[in-house]
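J.: Residue numbers (our numbering): 24 to 489.
Cβ coordinates follow ideal geometry from the N, Cα and C atoms, glycine included.
Small disclaimer: the values here were computed from a predicted structure and weren't measured.
One structure coming up, written as structure tokens, with questions to follow.
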Amino acid sequence: MSKETTGNKMWGGRFASGPDAIMEEINASIDFDQVLYAQDIEGSKAHASMLAQQGIISSEDAKQICDGLDTISSEIEAGTFTFSRALEDIHMNVESRLRELIGDAAGRLHTARSRNDQVALDFRMWVRSQTEQAQTNILKLIEALLTKAEEHADTLMPGFTHLQTAQPVTFGHHCLAYVEMLARDYSRMKDAHERMNECPLGSAALAGTGFDIDRHMTSDALGFREPTHNSLDTVSDRDFALEFLSAASICGTHLSRFAEEIVIWSTPQFGFVSLSDKFSTGSSIMPQKKNPDAAELVRGKIGRVNGSLVGLLTVMKGLPLTYSKDMQEDKEGVFDAAETLELCLAAMTGMISDMTINKDAMKLAAGSGYSTATDLADWLVREAGLPFRDAHHVTGTAVALAESESKELAELSLEQFKGIHDSITYGIYDVLTVEASVASRTSFGGTAPLNVRNQIKYWQNRLKNI
Ligand code: ARG
């Protein structure tokens, strides 16, 4: 039995006094790292079993350790476990309780291990599961978007640049733009998962260990591809968390752009979409209001995810190898970002599935703002052999004339068109409608409804073996 100390009973051998209250306050991570209890216990069980298999501890001790850890897991899940700040973190809270439960055998668990590889393992396993969770949630949103795209492969809407009407597109095509973004988000999470799927356990404090451990055994038991290759890198590496935060920030940025569009589209001025009662709120003073709060919150909450990324980059920047206590600051931002991303993905999925598309308003807007001017220019190139720059100029003249008479392009008479350029014939009216404009955009990746349908099929097939 180790001698009693007034310091931390897990490491206080050389300490004559306990920590100042402020030291305990700044040092303790148990208030937040208790989230990692399941990973901590799973990692310790794998470690104990490996130690026994290698003959480093006895099988009886390993059995007692594993049974004790199971008891602790049940206690934490039942809410009966008392977390102690004096014990700093989840690792020492668990080990200390294990000692209470099984006595001296508990002290053998930490053989050939350090909290440095332990925390690297726990946190990595937690982040790994979050990359899996994010992939599942991203897929749900992709599926909701594909359903909408299918319903609206022909639904006309204005496509914008500079938030000014540019050319008509279909709403289905717009939905598929987000499918592309989210599919990249999915693959970023998957790539990050693949890269982080190496097991840190056995790197010990920083230099590895002299005990004859089997790192492949623990790596396999914990579902990793292989053990990490360099002990110094392993205990100082938080790339896995940075990659998760980067992928989450990019995904969140996509969500915030769609959220912003929903905010704009649901205004009475646009009226392109109506949000369901389930995903909007009222005003306590203005009875007529229906506010897109969920969309606004998605737009706003992504700020926290981006903040967590910048926060951790800043913590890690300039840290010398290997572990420094700064790295304890790696967790809260990641926990918050993971929760925020999950909530925002679910809110977008719900909002998009439930929102009503006001086809008439979209179509009306699709035809306004001279959105088929490019079609007129293209017609002049194709049918009258004009160079595109000249066609652009002629079309500009036509737009100016229509604007001066408060007309749409299709409302100009043939005489007026001929007055601008005598090669224009009656055929021009075929390309000035929004339907014709959209149907003509058959280039690969273009907005023609036929293309949109093909792209939906492509994604439905890809999702089958993603
Ligand atoms: N609570 C610590 C953390 O989260 C665990 C590692 C402590 N290691 C150490 N050498 N003090 O980073």
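Below 8 Å between beta carbons: does that hold for PHE302 and GLY373?
T.: Result yes, Cβ atoms of PHE302 and GLY373 sit closer than 8 Å.
J.: Spell out the partners DSSP gives MET180 in its beta bridges.
T.: Paired residue(s): VAL192.
J.: What is the C-beta distance between GLU221 and THR251, in whole angstroms, given that I count them as a contact (C-beta under 8 Å)?
T.: That belief holds up - the Cβ atoms of GLU221 and THR251 are roughly 4 Å apart, short of 8 Å.
J.: Which term fits ASP208, buried or exposed, when burial requires 16 or more other beta carbons within 10 angstroms of its beta carbon?
T.: So ASP208 counts as buried.
J.: Roughly how many angstroms lie between the CA atoms of ARG485 and HIS277, to the nearest whole one?
T.: The alpha-carbon atoms of ARG485 and HIS277 are separated by roughly 21 Å.
J.: Whether or not the segment 256-268 and the segment 327-347 are in contact is what I'm after, with contact meaning three or more pairs of Cβ atoms, one per stretch, closer than 8 Å; do they touch?
T.: Flag = yes, the segment 327-347 and the segment 256-268 touch.
J.: Run through DSSP, which three-state label would SER391 get?
T.: Note: SER391 maps to coil in three-state DSSP.
J.: Does the ligand ARG have even one heavy atom less than 7 Å from the beta-carbon of ASN160?
T.: ASN160: no, Cβ never under 7 Å from the ligand ARG.
J.: Is it the case that the segment 185-200 contacts the segment 299-313, given that we only count it when at least three CB pairs across the two stretches are under 8 Å?
T.: Not touching, per the Cβ criterion.
J.: Could you tell me the distance, in whole angstroms, from the CA atom of ALA459 to the CA atom of CYS367?
T.: Cα to Cα, ALA459 sits roughly 37 Å from CYS367.
J.: Using the rule of at least 16 other Cβ atoms within 10 Å of the residue's Cβ for burial, across every protein chain shown, is ASP300 buried or exposed?
T.: Under this definition ASP300 is an exposed residue.
J.: Does the ligand ARG have a heavy atom nearer than 7 Å to the CB of ASP63?
T.: ASP63: no, Cβ never under 7 Å from the ligand ARG.
J.: Check the DSSP bridge columns for ASN477 and list the partner residues they point to.
T.: DSSP, once it has assigned bridges, lists no residue as partnering ASN477.
J.: For LEU179 and LYS213, what's the separation of their Cα atoms in angstroms?
T.: Cα-Cα distance, rounded: 35 Å.
J.: Around the C-beta of ASN477, are 16 or more other C-beta atoms found within 10 angstroms, so that it is buried, or is it exposed?
T.: ASN477 should be labelled exposed.
J.: Distance check for ALA39 and GLU27, CA to CA, integer angstroms please.
T.: Confidence at GLU27 is low in this model, with a pLDDT of 43, below 50, so its placement is unreliable and the value that follows should be read with caution. Computed Cα separation, rounded: 11 Å.
J.: I want to check one thing, is the minimum distance from the CB of TYR346 to the heavy atoms of the ligand ARG below 7 Å?
T.: Checking the Cβ of TYR346 against the ligand ARG gives yes.
J.: Pick helix, strand or coil for SER297, following the three-state DSSP scheme.
T.: If DSSP states are grouped into helix, strand and coil, SER297 belongs with the strands.
J.: How would you label MET46, buried or exposed, when you count the other beta carbons within 10 angstroms and need 16 or more for buried?
T.: Result: exposed.
J.: Does DSSP classify THR154 as helix, strand or coil?
T.: Here THR154 sits in helix by DSSP.
J.: What is the rounded straight-line gap between the Cα of GLY469 and the Cα of VAL202?
T.: Going from the Cα of GLY469 to the Cα of VAL202 covers about 15 Å.
J.: Which first and last residues belong to the alpha helix (DSSP H) in which TYR60 is found?
T.: Start and end: 60-76.
J.: If you measure from the CB of HIS114, is any heavy atom of the ligand ARG nearer than 7 Å?
T.: Yes; taking the cut-off as 7 Å, the Cβ of HIS114 has a heavy atom of the ligand ARG nearer than that.
J.: Which same chain residues end up closer than 8 Å to LEU245 when comparing Cβ atoms and leaving out the 5 residues on each side of it in sequence?
T.: GLU65, GLY66, ALA69, LEU144, MET148, CYS222, LEU224, listed in sequence order.
J.: Regarding VAL142 and the ligand ARG, is the C-beta to nearest heavy atom distance less than 7 Å?
T.: Indeed, a heavy atom of the ligand ARG lies less than 7 Å from the Cβ.
J.: Assuming SER52 and ASP112 form a contact by the criterion Cβ under 8 Å, report the distance between their Cβ atoms to the nearest whole angstrom.
T.: Contact holds; Cβ gap of about 5 Å.
J.: Looking only at its own chain, which residues have a Cβ that is under 6 Å from the Cβ of VAL150, when we skip the five neighbours before and after it?
T.: The residues are PHE263, ALA264, PHE267.
J.: Return yes when the Cβ of GLY275 is within less than 8 Å of the Cβ of ASN329, no when it is not.
T.: Result yes, Cβ atoms of ASN329 and GLY275 sit closer than 8 Å.
J.: Given 7 Å as the limit, tell me if GLU111 has its C-beta closer than that to any heavy atom belonging to the ligand ARG.
T.: Indeed, a heavy atom of the ligand ARG lies less than 7 Å from the Cβ.
J.: If you draw a straight line from the alpha carbon of ILE325 to that of ILE273, how long is it in whole angstroms?
T.: ILE325 and ILE273: Cα-Cα distance of roughly 9 Å.
J.: So the candidates are ALA317, ASP54, THR134; which of them puts its Cα closest to the Cα of ASP235?
T.: Answer by Cα proximity: THR134.
J.: Spell out the partners DSSP gives ILE380 in its beta bridges.
T.: Answer is VAL296.
J.: Just to confirm the assignment, what range does the alpha helix (DSSP H) spanning TRP402 have?
T.: 396-407 is the span of the alpha helix (DSSP H), which, as asked, contains TRP402.
J.: How about MET73 and MET240: are their beta carbons less than 8 Å apart?
T.: Their beta carbons are under 8 Å apart, which means MET73 touches MET240 by this criterion.
J.: If I measure Cβ to Cβ from PHE194 and keep anything under 7 Å in the same chain, skipping five residues before and after, which residues do I get?
T.: Around PHE194: HIS175, THR178, MET180, ILE380, MET385.
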